[in-house]
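*Asks:*
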Amino acid sequence: MKTLRLFNAVAAVVLATLALVASASPQGAKAADAAQPSRSPLVKVADGRMLAPDIARIVNQGELVVAMLSTDTPPFFYAEGGNLAGTDVDLARLVGSELGVPVRFDRSAKTYDGVVEAVAEGRADLGISRLARTLKRGQMVHFSNTYMKLSHALLINRVNFAAIAGEQPLPQVIRNFNGTLGVIAGSSWEEFGRRNFPKAKLVAYPTWADVVNAVKKGDVVAAYRDELEVLQILKKDPGLALTLRTVTFSDMESTLSLMVGVRDPTLLSFVNEVIAQRADKPTVNSLLKTLK
245 MKTLRLFNAV AAVVLATLAL VASASPQGAK AADAAQPSRS PLVKVADGRM
295 LAPDIARIVN QGELVVAMLS TDTPPFFYAE GGNLAGTDVD LARLVGSELG
345 VPVRFDRSAK TYDGVVEAVA EGRADLGISR LARTLKRGQM VHFSNTYMKL
395 SHALLINRVN FAAIAGEQPL PQVIRNFNGT LGVIAGSSWE EFGRRNFPKA
445 KLVAYPTWAD VVNAVKKGDV VAAYRDELEV LQILKKDPGL ALTLRTVTFS
495 DMESTLSLMV GVRDPTLLSF VNEVIAQRAD KPTVNSLLKT LK
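Going by the working numbering, the first residue of the sequence shown is number 245, and it counts up by one from there.
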């Protein structure tokens, strides 16, 4: 019995030794490597490159899908001669170019929030439409680094404003504004309005043109948006200065970003680098010069 146990022990040692020798040989090493699954999170695409999964998805689908508002908003995005143009369009195409794929713009969204939702739900890779960062949107998507900052502004109906202001100084009335405030429905300005003018009564309109008309007619006391849009109104029609006035806030800004899905961290990093290395960085003054 002792002899049998000794034989078994010796056999076990011999088998273990042979296994070690086999794994140490080139053929054994290859077999061991083949048995081990790759631990790399990268994905190999058709041209042989190893890419992050979110980047590989875009390369494999052969296009970058960009959600964009259906309503033209010059100079950011608008149809011109059957083609899309504008600073937001240029930025989106730059991202696509650096990825090596064409850009397809999906303009089915009817509201700014609808653009964000298309990205959040995975129907688009990116969203860009003069989109500002908000707390609501921050719960659904990632924000890229800011590519432009616009100060907040009010377009005010002089007669209606005087009726609620009385003898109070302008800064005090603005700070405690409790009149009607026109904003674009489904936009960041609804959230900004609730936060920055909590005493005001917000009135949402489908488009910015509708908001401006409401101020002109006196249906609302003021319209709320960024300085670029507000300043354009009097620039296009200086005669309106008799009935309307503007107020710009130096301490409140709308920070414009691209929207990226929460499952696309490498795409977010890539977009941030594209923004950082972008040679042409539009400003409010340069955009105002392009507008007629």
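A virtual CB, placed ideally from N, CA and C, is assigned to each residue, including glycine.
None of the values given here were measured: they were computed from a predicted structure.
Strictly by DSSP, which residues pair up with Tyr449?
*Replies:* Taking the sequence shown and counting its residues from 1, one reaches residue 449 at position 205. Answer by DSSP bridge pairing, in chain order: Ile428.
*Asks:* Taking 8 Å as the threshold (C-beta atoms), are Val417 and Glu471 in contact?
*Replies:* As a position in the sequence shown, residue 471 is number 227, starting the count at 1. As a position in the sequence shown, residue 417 is number 173, starting the count at 1. No, these two residues do not count as a Cβ contact at 8 Å.
*Asks:* Between the C-alpha atoms of Gly326 and Thr390, what's the straight-line distance to the nearest angstrom?
*Replies:* Within the sequence shown, residue 326 is the residue found at index 82, counting from 1. Within the sequence shown, residue 390 is the residue found at index 146, counting from 1. When rounded, the distance between both Cα atoms is 29 Å.
*Asks:* For my contact list, Phe321 and Ser373 are in at a C-beta cut-off of 8 Å; report their separation, rounded to the angstrom.
*Replies:* Position 77 of the sequence shown, counting from 1, holds the residue named residue 321. Position 129 of the sequence shown, counting from 1, holds the residue named residue 373. Confirmed, Cβ separation roughly 7 Å.
*Asks:* Quick one: using the 10 Å Cβ neighbour count with 16 as the cut-off for buried, is Met294 buried or exposed?
*Replies:* The residue given as residue 294 occupies position 50 in the sequence shown. Its Cβ having fewer than 16 others within 10 Å, Met294 is exposed.
*Asks:* Which residues in the same chain as Lys455 place their Cβ atom closer than 7 Å to its Cβ, once the five residues preceding and following it in sequence are excluded?
*Replies:* Taking the first residue of the sequence shown as position 1, residue 455 is located at position 211. In the sequence as presented, Lys is not what sits at residue 455; that position holds Val. For Val455, where only same-chain residues beyond five positions count, the Cβ hits under 7 Å are Gly426, Val427, Ile428, Tyr449 and Ala467.
*Asks:* Which residues does DSSP pair with Met384 in a beta bridge?
*Replies:* For the purposes of this step, residue 384 is taken as the residue at position 140 of the sequence shown. Met384 pairs with nothing; no bridge assigned.
*Asks:* Evaluate Gly330 with the Cβ neighbour count: other Cβ atoms within 10 Å of its Cβ, from every protein chain shown; 16 or more gives buried, anything less gives exposed.
*Replies:* Translated into positions along the sequence shown, residue 330 becomes position 86. The residue in question, Gly330, is buried, as its Cβ has 16 or more Cβ neighbours within 10 Å.
*Asks:* Decide yes or no for the touch test of the segment 355 to 369 against the segment 485 to 492: beta carbon pairs closer than 8 Å, at least 3 of them.
*Replies:* no
*Asks:* Thinking C-beta only, is Thr510 closer than 8 Å to Ala353?
*Replies:* Counting from one through the sequence shown, the residue named residue 353 turns up at place 109. Counting from one through the sequence shown, the residue named residue 510 turns up at place 266. The answer is no: Cβ separation not under 8 Å.
*Asks:* Going by beta-carbon coordinates alone, are Gly423 and Val465 separated by less than 8 Å?
*Replies:* Residue mapping note: residue 423 aligns to position 179 of the sequence shown, counting from 1. Residue mapping note: residue 465 aligns to position 221 of the sequence shown, counting from 1. Pairing Gly423 with Val465 gives a Cβ-Cβ distance under 8 Å.
*Asks:* Can you grab the Cα-Cα spacing for the pair Ala266 / Gly292, in whole Å?
*Replies:* Stepping through the sequence shown from its first residue, residue 266 is reached at position 22. Stepping through the sequence shown from its first residue, residue 292 is reached at position 48. Low confidence applies to Ala266: its pLDDT is 48, below 50, so where it sits in the model is not reliable, and the reading given next is rough at best. Taking the straight line joining both Cα atoms gives about 32 Å.
*Asks:* In or out: Ala444 buried (at least 16 other Cβ within 10 Å) or exposed?
*Replies:* On the sequence shown, position 200 is the one that residue 444 refers to. Buried: at least 16 other Cβ atoms inside 10 Å.
*Asks:* Kindly indicate which residue of Ala409, Leu335 and Ser431 has the alpha-carbon position closest to the one of Leu379.
*Replies:* Numbered from 1 along the sequence shown, position 135 holds the residue referred to as residue 379. Residue Ser431 is the option with its Cα nearest to Leu379.
*Asks:* Exposed or buried, which one is Ser501 when buried takes at least 16 other CB atoms within 10 Å?
*Replies:* Here residue 501 refers to the residue found at position 257 when the sequence shown is read from its first residue. Label assigned to Ser501: buried.
*Asks:* What do you get for Arg381, buried or exposed, if any count of 16 or more other CB atoms within 10 angstroms of its CB means buried?
*Replies:* Counting from one through the sequence shown, the residue named residue 381 turns up at place 137. Residue environment analysis places Arg381 among the buried positions, since at least 16 neighbouring C-beta atoms fall within 10 angstroms of its C-beta.
*Asks:* Give the straight-line distance between the Cα atoms of Lys480 and Thr317, rounded to the nearest whole angstrom.
*Replies:* To locate residue 480, count along the sequence shown from 1; it is residue 236. To locate residue 317, count along the sequence shown from 1; it is residue 73. Those two C-alpha atoms are separated by around 15 Å.
*Asks:* Taking all protein chains shown into account, decide if Val506 is buried (16 or more other Cβ within 10 angstroms of its Cβ) or exposed.
*Replies:* Numbered from its first residue, the sequence shown carries residue 506 at position 262. Exposed: under 16 other Cβ atoms inside 10 Å.
*Asks:* For Val303 versus Leu343, is the C-beta distance shorter than 8 Å?
*Replies:* Working through the sequence shown from its first residue, we reach residue 303 at position 59. Working through the sequence shown from its first residue, we reach residue 343 at position 99. Val303 is a Cβ neighbour of Leu343, given a cutoff of 8 Å.
*Asks:* Excluding five sequence neighbours on each side, which residues of the same chain lie with their C-beta closer than 8 Å to the C-beta of Leu547?
*Replies:* In the structure as shown, the chain begins at 245 and stops at 536. Residue 547 is therefore absent and cannot be evaluated.
*Asks:* Terminal residues of the continuous beta strand (DSSP E) containing Ser395?
*Replies:* If you number the sequence shown from 1, residue 395 lands on position 151. Residues Met392 to Asn401.
*Asks:* Do Pro319 and Thr499 come within 8 Å of each other at the CB atom, strictly closer than that value?
*Replies:* For the purposes of this step, residue 499 is taken as residue 255 along the sequence shown, with counting starting at 1. For the purposes of this step, residue 319 is taken as residue 75 along the sequence shown, with counting starting at 1. No; because the gap between Cβ atoms is not below 8 Å, this pair is not in contact.
*Asks:* In this structure, does DSSP put Thr490 in helix, strand or coil?
*Replies:* Reading the sequence shown from its first residue, position 246 is the one you call residue 490. Note: Thr490 maps to strand in three-state DSSP.
*Asks:* Quick check on Val363: buried or exposed, where buried means 16 or more other Cβ atoms within 10 Å of its Cβ?
*Replies:* Here residue 363 refers to the residue found at position 119 when the sequence shown is read from its first residue. So Val363 ends up on the buried side.
*Asks:* Looking at the structure shown, is Lys288 part of a helix, part of a strand, or coil, going by DSSP?
*Replies:* Stepping through the sequence shown from its first residue, residue 288 is reached at position 44. Here Lys288 sits in strand by DSSP.
*Asks:* Can you have a look at Ala397 and say buried or exposed, based on whether 16 or more other CB atoms are within 10 angstroms of its CB?
*Replies:* Looking up residue 397 in the sequence shown gives position 153. Ala397 should be labelled buried.
*Asks:* In angstroms, rounded to a whole number, what distance separates the CA positions of Gly358 and Leu313?
*Replies:* On the sequence shown, residue 358 is found 114 positions in, with the first residue counted as 1. On the sequence shown, residue 313 is found 69 positions in, with the first residue counted as 1. Going from the Cα of Gly358 to the Cα of Leu313 covers about 8 Å.
*Asks:* Using CA coordinates, which residue listed in Ala406, Arg419 and Ile400 is at the minimum distance from Asn457?
*Replies:* Within the sequence shown, residue 457 is the residue found at index 213, counting from 1. When each option's Cα is compared against that of Asn457, the closest is Ile400.
*Asks:* Are Glu497 and Lys393 closer than 8 Å when you measure CB to CB?
*Replies:* Your numbering for residue 497 matches position 253 in the sequence shown. Your numbering for residue 393 matches position 149 in the sequence shown. Yes. Within cutoff.
*Asks:* With DSSP as the reference, label Arg507 as helix, strand or coil.
*Replies:* Numbered from its first residue, the sequence shown carries residue 507 at position 263. Note: Arg507 maps to coil in three-state DSSP.
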